[in-house]
Amino acid sequence: MDNHSVLIKQIIGKTIKALRMKRDLSQEDLAGIHEADRAYISKIESGRSEPSVHKIFELCEALQIKPSDFIKLVEIEYERLRSELLIKKRSLF
(Lines of atoms letter the chains of each structure in order from A and count residues from 1; the text may use other names and numbers.)
(Lines give C-alpha, C1' and ligand atoms only; values in the text may rest on other atoms or scores of the structure.)
Protein backbone atom coordinates (compact mmCIF):
# COMPACT_ATOMS: atom_id res chain seq x y z
CA MET A 1 0.00 0.00 0.00
CA ASP A 2 1.45 3.38 -0.96
CA ASN A 3 1.82 6.37 1.37
CA HIS A 4 -1.15 8.19 -0.16
CA SER A 5 -3.46 5.23 0.53
CA VAL A 6 -2.28 5.02 4.13
CA LEU A 7 -2.73 8.77 4.57
CA ILE A 8 -6.26 8.70 3.14
CA LYS A 9 -7.20 5.76 5.38
CA GLN A 10 -5.95 7.67 8.43
CA ILE A 11 -7.79 10.84 7.42
CA ILE A 12 -11.04 8.91 6.91
CA GLY A 13 -10.66 7.45 10.39
CA LYS A 14 -9.83 10.75 12.06
CA THR A 15 -12.74 12.45 10.28
CA ILE A 16 -15.19 9.78 11.41
CA LYS A 17 -13.88 10.07 14.98
CA ALA A 18 -14.18 13.88 14.95
CA LEU A 19 -17.75 13.72 13.63
CA ARG A 20 -18.66 11.02 16.17
CA MET A 21 -17.28 13.09 19.03
CA LYS A 22 -19.02 16.22 17.72
CA ARG A 23 -22.30 14.28 17.97
CA ASP A 24 -21.30 13.18 21.50
CA LEU A 25 -21.45 9.51 20.51
CA SER A 26 -19.26 6.72 21.85
CA GLN A 27 -17.84 4.09 19.55
CA GLU A 28 -20.47 1.72 20.96
CA ASP A 29 -23.23 4.24 20.18
CA LEU A 30 -22.04 4.57 16.59
CA ALA A 31 -21.63 0.80 16.27
CA GLY A 32 -25.21 0.34 17.50
CA ILE A 33 -26.64 2.87 15.05
CA HIS A 34 -24.48 1.50 12.26
CA GLU A 35 -25.17 -2.13 13.26
CA ALA A 36 -21.45 -2.86 13.43
CA ASP A 37 -18.98 -4.05 16.00
CA ARG A 38 -17.32 -1.46 18.26
CA ALA A 39 -13.93 -2.99 17.41
CA TYR A 40 -14.62 -2.35 13.71
CA ILE A 41 -15.35 1.33 14.43
CA SER A 42 -12.13 1.48 16.45
CA LYS A 43 -10.13 -0.03 13.57
CA ILE A 44 -11.59 2.48 11.11
CA GLU A 45 -10.91 5.44 13.41
CA SER A 46 -7.32 4.34 13.99
CA GLY A 47 -6.68 3.88 10.26
CA ARG A 48 -6.20 0.12 10.58
CA SER A 49 -9.30 -0.70 8.52
CA GLU A 50 -10.62 0.91 5.36
CA PRO A 51 -14.41 1.06 5.11
CA SER A 52 -16.09 0.27 1.82
CA VAL A 53 -18.04 2.97 0.03
CA HIS A 54 -21.23 1.28 1.25
CA LYS A 55 -20.00 1.45 4.87
CA ILE A 56 -18.99 5.09 4.45
CA PHE A 57 -22.54 5.88 3.33
CA GLU A 58 -23.95 4.03 6.36
CA LEU A 59 -21.58 5.83 8.72
CA CYS A 60 -22.48 9.18 7.16
CA GLU A 61 -26.16 8.46 7.72
CA ALA A 62 -25.48 7.57 11.36
CA LEU A 63 -23.36 10.72 11.77
CA GLN A 64 -25.98 12.88 10.03
CA ILE A 65 -23.70 14.14 7.28
CA LYS A 66 -24.07 13.90 3.52
CA PRO A 67 -21.51 11.54 1.99
CA SER A 68 -20.44 14.33 -0.36
CA ASP A 69 -19.78 16.64 2.61
CA PHE A 70 -17.82 13.87 4.33
CA ILE A 71 -15.66 13.30 1.26
CA LYS A 72 -15.08 17.05 1.02
CA LEU A 73 -13.80 17.11 4.62
CA VAL A 74 -11.46 14.22 3.83
CA GLU A 75 -10.27 15.96 0.67
CA ILE A 76 -9.59 19.25 2.48
CA GLU A 77 -7.54 17.51 5.18
CA TYR A 78 -5.68 15.44 2.57
CA GLU A 79 -4.71 18.54 0.60
CA ARG A 80 -3.66 20.34 3.79
CA LEU A 81 -1.42 17.50 4.90
CA ARG A 82 -0.06 16.96 1.41
CA SER A 83 0.89 20.64 1.20
CA GLU A 84 2.60 20.45 4.59
CA LEU A 85 4.59 17.40 3.48
CA LEU A 86 5.66 19.11 0.25
CA ILE A 87 6.80 22.19 2.16
CA LYS A 88 8.79 20.03 4.59
CA LYS A 89 10.32 18.08 1.71
CA ARG A 90 11.39 21.27 -0.06
CA SER A 91 12.91 22.72 3.08
CA LEU A 92 15.17 19.68 3.37
CA PHE A 93 16.89 20.53 0.09
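Residues 101 to 193 (the numbering used here) are what the sequence shown spells out, left to right.
Positions of the beta carbon are idealized from the N, C-alpha and C atoms, including for glycine.
Report the three-state DSSP secondary structure of residue i (helix, strand or coil).
| i | result |
| --- | --- |
| D102 | coil |
| K166 | coil |
Using the C-alpha atoms, what's the distance from residue j back to residue i?
| i | j | result |
| --- | --- | --- |
| V106 | D124 | 27 Å |
| S142 | H134 | 13 Å |
Closest to residue i by CA distance: which of the options is it?
| i | options | result |
| --- | --- | --- |
| Q127 | S183, L163 and S191 | L163 |
Going along the chain, which unbroken runs of the alpha helix (DSSP H) with 4 or more residues stay wholly within the region 118–159?
127–134 and 138–145
Segment contact, 8 Å Cβ cut-off, at least three pairs: the region 138–152 with the region 180–193:
no
Below 8 Å, how does it come out for the region 108–118 and the region 165–181: are there three or more Cβ pairs, yes or no?
yes
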